[in-house]
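I have placed the structure first, in the form of structure tokens, so that the comments after it can refer back to it.
In full-length UniProt numbering, the protein residues as written are 1 to 425.
So, in structure tokens, the structure goes:
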């Protein structure tokens, strides 16, 4: 009796917790000043779900090595970040092409001019001679200088060669200005107030905000691209088209998951209900994982997510069918549940591990939306194993302890006779 009461309490606490998580994921919850935002606000949306600009750049020239391509991708990423846009994608496509997807931006010319141009960073002295180039800059960051009236400043760090050049220049041009240019655009023109020998300088500006300083620091750090890139494809997805894609995708997801849950409930009854509860928790955990690792959700990603929902249910079906076989052999309900999970484990692991392997292959050799599909698939399949093996098993054992499997109307296609044999034994 004590075991039954304890199992009942634990079961309903689990249901309440899962229900709370599901509610917070859909609507958001505020507790004691801390707000749990709904997933609609925290999950990044890709270009095809909110519109934006997609630019395919091609590196000009031959014999471009891997290191140069990696550096080009890195610098383009920095330039994208300085636009103040999140959920951007900068990734290689093939040997000489780089895809830049910027959601929420609809001016293709601005993107091409501000991000994908080759650029030439240089520090120019008052004698109009170039002192440093982008190759001499090691790092540039922005911060607030509390010792100088809380001004926003740029912290500049040079490499060894740049430090030597800058030391000579600051000694020569003491009290004069050194201008910093990106192409023909003057970023800033600070005055030399000290002889700098260690390659670390602080650049301050009049009435400069921290955001402005950070933007300039990003431009200085990104410097010039090591190769010339040329846009070979520019695609703009309108805001209305992108905004329509999201609600339709969400509706498709609701219908798909709803039909799966309805099938499980009608076919397996109480075990199906347990599978639906575990599936609800699975959906929450997967979406939470997407938010925590900053996955950018695309239409392909939604398709992969719905695919993993089916795989999560498939694991439960394997477990239930194995449990049914154990009941037919005359085992008790609890023993059948344990044996059913144990016997189904090899099949679940085989199918899921092969899916994860396929996901890794797609992620490494694929491009664009294929990578998004693969990443979503890997996360979903890995978490589906967790919910099928732990959550469903725990809830099944709790329900067996409570005694709800004693009623034939709760059994469904498990078979009344099978359960009766287990209960009698």
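Note that the Cβ used here is the ideal one computed from N, Cα and C, for glycine as well.
{"query": "Taking DSSP as the reference, what is the three-state secondary structure of residue 3?", "result": "helix"}
{"query": "Beta carbon of residue 76, beta carbon of residue 100: below 8 Å?", "result": "yes"}
{"query": "Under a Cβ-count criterion, where at least 16 other Cβ atoms within 10 Å of its own Cβ denotes burial, should residue 147 be classed as buried or exposed?", "result": "exposed"}
{"query": "Opposite residue 55 in the DSSP bridges: which residues?", "result": "100, 234"}
{"query": "Could I get the ranges of all uninterrupted beta strand (DSSP E) runs contained in the region 6-45, with 3 residues as the minimum, in chain order?", "result": "29-31, 34-36"}
{"query": "Taking the alpha-carbon positions, what's the residue 374 to residue 162 distance?", "result": "43 Å"}
{"query": "DSSP on residue 95, reduced to helix/strand/coil?", "result": "coil"}
{"query": "Under 8 Å: do the region 278-292 and the region 334-348 share three or more Cβ pairs, one atom per stretch?", "result": "no"}
{"query": "In whole angstroms, what is the alpha-carbon distance linking residue 137 and residue 221?", "result": "7 Å"}
{"query": "Taking only the alpha-carbon atoms, compute the straight-line gap between residue 7 and residue 340 and give it to the nearest angstrom.", "result": "21 Å"}
{"query": "Below 8 Å, can you find three or more Cβ-Cβ pairs linking the region 242-261 to the region 295-315?", "result": "yes"}
{"query": "Can you confirm whether the region 186-204 touches the region 167-176 when touching is taken to mean that 3 or more C-beta pairs between the two stretches lie within less than 8 Å?", "result": "yes"}
{"query": "Ends of the alpha helix (DSSP H) at residue 135?", "result": "From DSSP, residue 135 is part of no alpha helix (DSSP H); its letter is neither H nor E."}
{"query": "Around the Cβ of residue 292, are there at least 16 other Cβ atoms within 10 angstroms (buried) or fewer (exposed)?", "result": "exposed"}
{"query": "Tell me whether residue 54 is buried or exposed, calling it buried when 16 or more other Cβ atoms sit within 10 Å of its Cβ.", "result": "buried"}
{"query": "Would residue 30 be called buried (16 or more neighbouring beta carbons within 10 Å of its own) or exposed?", "result": "exposed"}
{"query": "What separation, rounded to the nearest whole angstrom, lies between the Cα atoms of residue 268 and residue 313?", "result": "12 Å"}
{"query": "In or out: residue 3 buried (at least 16 other Cβ within 10 Å) or exposed?", "result": "exposed"}
{"query": "Between the region 90-106 and the region 52-71, can you find at least three pairs of beta-carbon atoms closer than 8 Å?", "result": "yes"}
{"query": "With 16 other CB atoms within 10 Å as the buried threshold, where does residue 298 fall?", "result": "buried"}
{"query": "For residue 172, I'd like the list of residues in its chain whose CB is within less than 8 Å of its CB, leaving aside the five on either flank, ordered along the chain.", "result": "125"}
{"query": "What span of residues does the beta strand (DSSP E) with residue 123 cover, start to end?", "result": "121-124"}
{"query": "I'd like to check one pair, residue 245 with residue 49: are the Cβ atoms closer than 8 Å?", "result": "yes"}
{"query": "Quick one: any contact between the region 271-279 and the region 312-328, if contact means 3 or more CB pairs under 8 Å?", "result": "yes"}
{"query": "Going by DSSP in three states, residue 108 sits in which element: helix, strand or coil?", "result": "helix"}
{"query": "Quick check on the burial criterion: 16 or more other C-beta atoms within 10 angstroms. Buried or exposed for residue 352?", "result": "buried"}
{"query": "Going by C-alpha to C-alpha distance, which of 377, 308, 204 sits closest to residue 362?", "result": "377"}
{"query": "Express the C-alpha separation of residue 403 and residue 414 in angstroms, rounding to a whole number.", "result": "Annotation note: pLDDT 48 at residue 414 (below 50); position unreliable, coordinate value reported separately. Spanning the two alpha carbons is a distance of roughly 16 Å."}
{"query": "Which residues does DSSP pair with residue 145 in a beta bridge?", "result": "151"}
{"query": "Can you name the start and end residues of the alpha helix (DSSP H) that residue 392 belongs to?", "result": "392-402"}
{"query": "Pull up the CB-CB distance for residue 432 and residue 44, whole angstroms please, since I reckon it's below 8 Å.", "result": "The displayed coordinates of the chain run from 1 to 425. Any statement about residue 432 would go beyond what the structure contains."}
{"query": "What are the complete alpha helix (DSSP H) segments, minimum 4 residues, inside the region 317-393?", "result": "333-365, 369-386"}
{"query": "For residue 388 and residue 345, I'd like the C-alpha separation in whole angstroms.", "result": "10 Å"}
{"query": "Look at the alpha carbon of residue 392 and the alpha carbon of residue 354, and state the distance between them as a whole number of angstroms.", "result": "22 Å"}
{"query": "Bridge partners for residue 181 per DSSP, in chain order?", "result": "122, 186"}
{"query": "Residue 157 bridges to which residues according to DSSP?", "result": "139, 200"}
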